[in-house]
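Asker: One structure follows; several queries about it will come next.
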Amino acid sequence: MRAITIPEPGGPEALVWSEVPDPEPGPGEVVVDVRASAVNRADLLQRQGHYPPPPGASAYPGLECAGVIGALGPDVTGWRVGQEVCALLAGGGYAERVAVPAGQLLPVPAGVDPVDAAALPEVACTVWSNVVRLAGLGAGETLLVHGGGSGIGTFAIQLGAALGATVVATARKTKHRVLRELGAAHTVDYREQDFVEEVRRVTEGRGADVILDIMGASYLGRNVAALATGGRLVVIGMQGGRKGELDLGALLAKRGTVAATALRSRPVAEKAEIVRGVREQVWPLIEAGRIRPIVDRRLPMSRAAEAHQLCETSEHVGKVLLTTG
582 MRAITIPEPG GPEALVWSEV PDPEPGPGEV VVDVRASAVN RADLLQRQGH YPPPPGASAY
642 PGLECAGVIG ALGPDVTGWR VGQEVCALLA GGGYAERVAV PAGQLLPVPA GVDPVDAAAL
702 PEVACTVWSN VVRLAGLGAG ETLLVHGGGS GIGTFAIQLG AALGATVVAT ARKTKHRVLR
762 ELGAAHTVDY REQDFVEEVR RVTEGRGADV ILDIMGASYL GRNVAALATG GRLVVIGMQG
822 GRKGELDLGA LLAKRGTVAA TALRSRPVAE KAEIVRGVRE QVWPLIEAGR IRPIVDRRLP
882 MSRAAEAHQL CETSEHVGKV LLTTG
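Add 581 to the 1-based position in the sequence shown for this note's numbering, that's all there is to it.
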């Protein structure tokens, strides 16, 4: 088969469309014939040499895919060859085939294009596990989503709105119209506006109950300032740095919670548990049309370098897909 390899870390030109050995399914695994994968921020970091795959994972980038089951390994039940699926991966999505633990498979939701389904697994599992499972977002609460135009952001906006929350999203001004169409009640231009002031304004001084943050250090103090009493801040990215100063007094005064999570490095059993939760709670919302995959564009997988260049500009909205067909 062919896959995107990274012989040496570097810029987008480091991605090479190469002939590589076919994967074989191990016990409890299936092989998926990939129709599409999606570009995630983690892929850019891996290409640069900053985010190596966890032990035992494929060396090829790609944390999600959609395709058709091509082979079943020993001890796999409940799935069949030829079935259309999408999958959460620890790596290997930028390839024509990938071996996947069966617990990380999801059926393509009814009504979703089988290629566009590649835009769903990573964002659905990340957002649900953090916003719902960990932070416990409820109807009537306020959710602040940073990076609202990203794959994570566009999904979080839709899920928050579907759950009955009021969603505030930060993004560059050119993306605001789309984010409002997806369900954001308020949008903040992070280049021109202070998101703390805006959150306080639209919540009449109360603050955000849940904040989903991709920035990390550079936003830490302001995120705590934007929290409501009893608020929950969940950090899932470090685009603004690794180390920041936390005012514990401010956090104590708000009886707030700060959590930080990663998905890729979790054990297979934990990922399977998250996937089950997504299938039970999120897939019905997708099939009802309340959430949809947001795809900026599709590019052939051989043009992965171009896709990475686009994602580094952050000009896109939602996901950029890489297709094998």
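Think of the CB as a built atom: it goes at the ideal place given N, C-alpha and C, for glycine as much as any other residue.
Note that the coordinates shown come from a computational prediction; the quantities given were computed from them, not determined experimentally.
Evaluate contact between the region 698–713 and the region 726–744, counting only Cβ atoms and requiring at least three cross-stretch pairs below 8 Å.
Answerer: yes
Asker: Tell me whether G830 sits in a helix, a strand or coil according to DSSP, three-state version.
Answerer: helix
Asker: Cutting at 7 Å between CB atoms, please list the residues of its own chain near L760, excluding the five before and the five after it.
Answerer: G729, G730, I738, A750, A752, T768
Asker: Alpha carbon to alpha carbon, how far is L670 from G643?
Answerer: 7 Å
Asker: Closest to S599 by C-alpha separation, out of L793, G607, A698, A584, would be which residue?
Answerer: Minimum Cα distance to S599 is reached at A584.
Asker: Can the beta-carbon of G811 be found closer than 8 Å to that of R787?
Answerer: No, the pair does not count as a contact, with Cβ atoms beyond the cut-off.
Asker: Would you call the region 852–868 in contact with the region 710–727, where contact means no fewer than 3 C-beta pairs closer than 8 Å?
Answerer: yes
Asker: Taking all protein chains shown into account, do 16 or more other C-beta atoms lie within 10 angstroms of the C-beta of A716, making it buried, or fewer, making it exposed?
Answerer: buried
Asker: In terms of alpha-carbon separation, which member of S799, L808, R847, L724 lies closest to K824?
Answerer: If we check each option's Cα against that of K824, S799 comes out closest.
Asker: Cβ of G648 within 8 Å of Cβ of D697?
Answerer: no
Asker: In the DSSP assignment, find the alpha helix (DSSP H) that holds D624 and state where it starts and stops.
Answerer: 622–629
Asker: What number of angstroms, rounded off, separates the C-alpha of C892 from the C-alpha of A809?
Answerer: 33 Å
Asker: Per DSSP, W598 forms a beta bridge with which residues?
Answerer: I585
Asker: For E645, does the three-state DSSP call read helix, strand or coil?
Answerer: Three-state result, E645: strand.
Asker: By Cβ distance, which residues of its chain are closer than 7 Å to I733, with the 5 residues on each side in sequence left out?
Answerer: V704, T707, V708, I795
Asker: Assuming A668 contacts L687 (C-beta within less than 8 Å), just tell me the rounded distance between them.
Answerer: Beta-carbon to beta-carbon, A668 and L687 are separated by about 7 Å, close enough to satisfy the 8 Å threshold.
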